[in-house]
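S.K.: Submitted below is the structure of interest, expressed as structure tokens.
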Amino acid sequence: MKPHVAVIGTGRMGAAMVVRLREAGFAVTAYNRTRTKAEATGAAVAATPRQAAAAADVVLVSLADDSAVREAYGGEDGIAAGLRAGTVVVETSTVAPETVTDLAPLVEKAGAVMLDAPVSGSVVFVEQGRLTVMAGGDPSALERARPVLDVLAAHVVHVGPSGTGAAMKLAVNSLLLGLNQALSEALVLAERAGVSRESAYEVFAAGAAGAPFVQYKKDAYLHPDSATVAFTLELVAKDLDLVLALAERVGAPMQQAFTNRRLVGEAVAQGLGRRDLSALAEFLRGGVRDGGQP
């Protein structure tokens, strides 16, 4: 029998996970602080994280930040209070490794096990089952969660002990967000030198730098006013703060991430925080002062 799944957090990614799993025949219980978002997925809806976890063999958590994650696990209505022995909790949120370390004992106290298994990919990747999962924790727990993860992901990689999944996701995002900044700058440079936006992007996508990110973000960069919001600049700033905190702790030089964080902070301060990360190019088009520095 397929495991019963709970999904805690039905934002863009969480909701897509619920739909994908239900289409694959899994019984899913969803919880979201805004109940209507959970109801929109068509899944059974729980009143609390505890109630959702109590029904599940595998619990997927997909929340915006460390504060929301910590709140979801603790207290009498939290995830940890509802867990059964043997349940696997898969923490897919982008959080600090320390958050995983702090929350794992709450899960283990209930006889359950926690994987920090954030994902790389957009909503479209969820819908197509093409995510990449980077999992830290017990390999045997990962195998128990695989029937669920394999529906959502084309690649599931065990990267090490607990906490390494969260660290790997921050490394992935530092690369992705660096690419976003480089692509934004290069596009604006080509435009100001007289190349049409469409022609410049065609060359970028066809050349050595034409990574999957460049391919699937094409419409967002070419038509910024109608771009679907997949990853807000506010969340970019949050993730870069986590990246820089981890870099300081482990002694890794991150000059590009530092510069990226400053630039994103200026874009957010100018009111672009709820725009898609591709709006960084829009900020550069309108926000570059004399001397070429934003």
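For the sequence shown, the positions run 5 to 298 when our numbering is used.
In this text, a Cβ means the ideal position worked out from N, Cα and C, and glycines have one as well.
Small disclaimer: the values here were computed from a predicted structure and weren't measured.
(1) Just curious, the alpha helix (DSSP H) that residue 5 is in, first and last residue?
(2) Restricting to Cα atoms, I'd like to know which of 65, 85, 225 is closest to residue 195.
(3) Helix, strand or coil for residue 295? Go by DSSP, reduced to three states.
(4) At what residues does the alpha helix (DSSP H) containing residue 128 begin and finish?
(5) Buried or exposed, going by whether 16 or more other CB atoms sit within 10 Å of the CB of residue 81?
(6) For the alpha helix (DSSP H) that residue 25 lies in, which residues bound it at each end?
(7) Taking the alpha helix (DSSP H) that residue 80 belongs to, which residues open and close that run?
(8) Excluding sequence positions up to five away, which residues of its chain have a Cβ less than 7 Å from the Cβ of residue 13?
(9) Is residue 118 closer than 8 Å to residue 141 when the C-beta atoms are compared?
(10) Whose C-alpha, out of 268, 114, 217, is nearest the C-alpha of residue 242?
(11) Given residue 180, which residues of its chain have a CB within under 7 Å of its CB, disregarding the five upstream and five downstream residues?
(12) Just to confirm the assignment: which complete alpha helix (DSSP H) runs, minimum length 4, are found wholly within the segment 162 to 229?
(13) Is the distance from the Cβ of residue 70 to the Cβ of residue 7 below 8 Å?
(14) Suppose you measure from the CA of residue 28 to the CA of residue 155; what does that come to, to the nearest Å?
(15) How about residue 247 and residue 261: do their beta carbons lie closer than 8 Å?
(16) Going by CA-CA distance only, name the one from 289, 24, 88, 190 that's closest to residue 135.
(17) Please return the same chain residues whose Cβ sits closer than 6 Å to the Cβ of residue 277, not counting the five positions on each side in sequence.
(18) Could you give the DSSP three-state label for residue 87: helix, strand or coil?
(19) Can you list, in chain order, the residues of its chain with a C-beta nearer than 7 Å to that of residue 289? Leave out the 5 residues immediately preceding and following it.
(20) Counting C-beta neighbours from all protein chains within 10 Å, is the total for residue 286 16 or more, i.e. buried, or is it exposed?
(21) Enumerated in chain order, which unbroken segments of the alpha helix (DSSP H) with a length of 4 residues or greater are wholly contained in the segment 24 to 67?
(22) Looking at C-beta atoms only, is the number of pairs between the segment 155 to 167 and the segment 199 to 208 that lie closer than 8 Å three or more?
(23) In the DSSP assignment, find the unbroken alpha helix (DSSP H) run with residue 276 in it and report its ends.
(24) Could you give the first and the last residue of the continuous beta strand (DSSP E) run that contains residue 117?
(25) For residue 97, does the three-state DSSP call read helix, strand or coil?
(26) Along the chain, where does the alpha helix (DSSP H) that runs through residue 153 open and close?
(27) Just grab the DSSP bridge partners of residue 124 for me.
(28) Please report the residue range of the alpha helix (DSSP H) in which residue 69 lies.
(29) Identify the residues that DSSP records as bridge partners of residue 11: which are they?
M.R.: Reading off the structure:
(1) As a position in the sequence shown, residue 5 is number 1, starting the count at 1. Where residue 5 is concerned, there is no enclosing alpha helix (DSSP H), given that its DSSP letter is neither H nor E.
(2) Here residue 195 refers to the residue found at position 191 when the sequence shown is read from its first residue. That would be 225, whose Cα lies nearest to the Cα of residue 195.
(3) As a first step, residue 295 is located in the sequence shown; it is residue number 291 there, counting from the start. Caution applies to residue 295, whose pLDDT of 37 falls short of 50 and renders its modelled position unreliable; the model cannot decide the point.
(4) The sequence position of residue 128 within the sequence shown is 124, counting from 1. Looking at the DSSP string, the run of the alpha helix (DSSP H) that includes residue 128 is 127 to 132.
(5) Numbered from 1 along the sequence shown, position 77 holds the residue referred to as residue 81. For residue 81, the number of other beta carbons within 10 angstroms of its own is below 16, and it is reported as exposed.
(6) Here residue 25 is taken as the residue at index 21 of the sequence shown, counted from 1. Segment 16 to 27, the alpha helix (DSSP H) holding residue 25.
(7) Along the sequence shown, one-based indexing puts residue 80 at 76. DSSP places residue 80 in no alpha helix (DSSP H); its state is neither H nor E.
(8) Position 9 of the sequence shown, counted from the first residue, corresponds to residue 13. Cβ neighbours of residue 13 beyond the five flanking positions: 36, 65, 66, 67.
(9) Residue mapping note: residue 141 aligns to position 137 of the sequence shown, counting from 1. Residue mapping note: residue 118 aligns to position 114 of the sequence shown, counting from 1. It is a contact, given that the beta carbons lie within the stated cut-off.
(10) Taking the sequence shown and counting its residues from 1, the one referred to as residue 242 is at position 238. Of 268, 114, 217, the smallest CA-CA separation from residue 242 is found for 268.
(11) Position 176 of the sequence shown, counted from the first residue, corresponds to residue 180. Cβ-Cβ distances below 7 Å link residue 180 to 217 in the same chain, with the five nearest sequence neighbours on each side left out; the list follows chain order.
(12) DSSP runs (the alpha helix (DSSP H)) wholly in the segment 162 to 229: 168 to 196, 201 to 210, 216 to 220, 222 to 226.
(13) Taking the sequence shown and counting its residues from 1, the one referred to as residue 70 is at position 66. Taking the sequence shown and counting its residues from 1, the one referred to as residue 7 is at position 3. Contact check for residue 70 against residue 7 fails: the beta carbons are separated by 8 Å or more.
(14) Within the sequence shown, residue 28 is the residue found at index 24, counting from 1. Within the sequence shown, residue 155 is the residue found at index 151, counting from 1. Using only the alpha carbons, I get a separation of about 7 Å.
(15) Position 243 of the sequence shown, counting from 1, holds the residue named residue 247. Position 257 of the sequence shown, counting from 1, holds the residue named residue 261. Cβ distance < 8 Å, so residue 247 and residue 261 count as in contact.
(16) Counting from 1 along the sequence shown, the entry for residue 135 is found at position 131. Sorting 289, 24, 88, 190 by C-alpha distance to the C-alpha of residue 135 places 24 at the top.
(17) The sequence position of residue 277 within the sequence shown is 273, counting from 1. Same-chain partners within the cutoff: 237, 238.
(18) Locating residue 87 in the sequence shown gives position 83, counting from the first residue. In the structure shown, residue 87 sits in coil (DSSP, three-state: anything other than H, G, I, E or B).
(19) Here residue 289 refers to the residue found at position 285 when the sequence shown is read from its first residue. Non-local C-beta neighbours of residue 289 in its own chain, meaning closer than 7 Å and more than five positions away in sequence, comprise 192, ordered along the chain.
(20) Locating residue 286 in the sequence shown gives position 282, counting from the first residue. Burial call: buried.
(21) Taken in chain order, the complete alpha helix (DSSP H) segments of 4 residues or longer contained in the segment 24 to 67 are 39 to 43, 53 to 58.
(22) No, the segment 155 to 167 does not touch the segment 199 to 208.
(23) For the purposes of this step, residue 276 is taken as residue 272 along the sequence shown, with counting starting at 1. Per DSSP, residue 276 is not a residue of any alpha helix (DSSP H), being assigned neither H nor E.
(24) Residue numbering aside, residue 117 sits at position 113 when the sequence shown is read from its first letter. Run containing residue 117: 117 to 120, per the beta strand (DSSP E) assignment.
(25) Working through the sequence shown from its first residue, we reach residue 97 at position 93. Coil at residue 97, not helix or strand.
(26) Counted from its first residue, the sequence shown places residue 153 at position 149. It spans 143 to 156 - the alpha helix (DSSP H) in which residue 153 sits, taken as one unbroken run.
(27) On the sequence shown, position 120 is the one that residue 124 refers to. According to DSSP, residue 124 shares a beta bridge with 136.
(28) Position 65 of the sequence shown, counting from 1, holds the residue named residue 69. Secondary structure note for residue 69: it is in no alpha helix (DSSP H), with a DSSP letter that is neither H nor E.
(29) Mapped onto the sequence shown, residue 11 falls at position 7. Paired residues: 34, 64.
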